[in-house]
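Trainee: Okay, handing you the structure first.
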Amino acid sequence: MSAEVTLQLEANGVGTHSASQRGRPRYNISAVQLTHMRDLGFSWMAISRMLSVNIRTLYNHRTQLGLLDYGSFTNISNEDLDRLITEVLRQTLAQERPTSLVV
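In this note's numbering, the protein residues as written are 2 to 104.
Here is the structure:
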């Protein structure tokens with residue numbers, strides 16, 4: 002983790018909660034902080050470790066904040082997608098067919 006991220010997390014009290022409150026501890030992790038860490042290239046697993054938060058807890062918090070992402074997607078036209086799928090199927094079928102029969 003970079004020193005900048007560490008200092009910023011410490012300054013903002015990320016992952017801390019008041020011990021005097023009853024019930025499950027609340028995490029002080031903002032959407033801005035999570036977005037910034039993702040922009041720096043950290044995976045959700047790495048972020049959960051840096052914040053000392055279980056990955057499932059982080060997922061639930063992200064859900065509440067509306068920060069779900071499903072990976073990186075590329076814009077592709079339907080025609081290009083059809084061509085790619087056709088090519089993959091063609092190659093797959095070619096590999097499954099025996100090229101020669103041994104008698």
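Glycine is no exception: its CB is placed at the ideal position from the N, C-alpha and C atoms.
Checking 9 Å against the spacing of the C-beta atoms, do Trp-45 and Ile-30 come in under that value?
Mentor: Translated into positions along the sequence shown, residue 45 becomes position 44. Translated into positions along the sequence shown, residue 30 becomes position 29. In this structure, Ile-30 does not lie closer than 9 Å to Trp-45 by Cβ.
Trainee: Around the Cβ of Leu-59, are there at least 16 other Cβ atoms within 10 angstroms (buried) or fewer (exposed)?
Mentor: For the purposes of this step, residue 59 is identified with residue 58 of the sequence shown, where counting begins at 1. That one is buried.
Trainee: Would DSSP call Tyr-28 helix, strand or coil?
Mentor: What you label residue 28 is simply residue 27 of the sequence shown in a count that begins at 1. DSSP places Tyr-28 in coil when its eight states are reduced to three.
Trainee: Just the Cα atoms here: how many angstroms apart are Phe-43 and Val-54?
Mentor: Within the sequence shown, the letter at position 42 stands for residue 43. Within the sequence shown, the letter at position 53 stands for residue 54. Cα to Cα, the separation comes out at about 15 Å.
Trainee: Compute the distance between the beta-carbons of Asp-70 and Arg-39, then report whether it is under 9 Å.
Mentor: As a working mapping, residue 70 is identified with position 69 in the sequence shown. As a working mapping, residue 39 is identified with position 38 in the sequence shown. Cβ atoms of Asp-70 and Arg-39: closer than 9 Å.
Trainee: DSSP state of Ala-12, grouped into three classes?
Mentor: Working through the sequence shown from its first residue, we reach residue 12 at position 11. In this prediction, Ala-12 has a pLDDT of 48, which is less than 50 and means its spatial position is unreliable; what the coordinates show is noted afterwards. Three-state DSSP puts Ala-12 in a helix.
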